[in-house]
Amino acid sequence: MGFQYPQSFLNVIDEDYLIDLEPWWFLCEFEGYSQQWFDEIKKQYPERNLIPFAKKSDSDDVACFDGHSTSGDPNVYYVHAFASPGWADHDAVANFSACFAAAENESAVYKSGQRT
C-alpha cells in the first residue's frame, strides 16, 4: 500500500468550514492550489517525495507530508519553497497532529500580535 493521508488531517479538512489557523492556510481551500503547489515543490526538489497541504501566508513556508511514508501517519516537513536544495528544510514534526497543535499555537500568537 502506498501513501495515505492521515485520518487526523482528513477529519480537519472534512468539516463544514476550515478552522482559521492564520498565518497558515490549507491548500485545499482554493481550487487548484493543491496541485499547483505539488507541481512547484516537485519542480524545486525533484529528488524528494513531498505532498504539500498547507502554506504560510507571510513566508514561502509550505507544510508537506512525507510521501514515502506508508504508515498512515507520516512525518510533516516544513519546506521553504524556492530555497536552494539543502537550505529548504526548516523543521519537521512527527505527524499531522503535532503540526496542527503547533499551527494552533502559532496562530494564537500571530493573531494576538495583530491586535496590538
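Under UniProt numbering, the residue at position 84 of the sequence shown is numbered 84, and the numbers go up by one with no gaps.
All residues carry an ideal CB built from backbone N, CA and C; glycine is no exception.
- With a cutoff of 9 angstroms on beta-carbon distance, Val79 and Asp66 are scored as not near each other.
- Taking Ile41 as the centre and dropping the five residues before and after it, the same chain places the C-beta of Leu50, Pro52, Val62, Cys64, Val79 and Ala81 closer than 7 angstroms to its C-beta, in chain order.
- Annotation: the continuous beta strand (DSSP E) that includes Phe26 extends over Trp24 to Phe26.
- Per the C-alpha coordinates, the member of Ile13, Ser97, Gln44 and Pro6 positioned closest to Ala88 is Gln44.
- If the five residues before and after Ser84 are omitted, its C-beta is found closer than 7 angstroms to no C-beta atom of its own chain.
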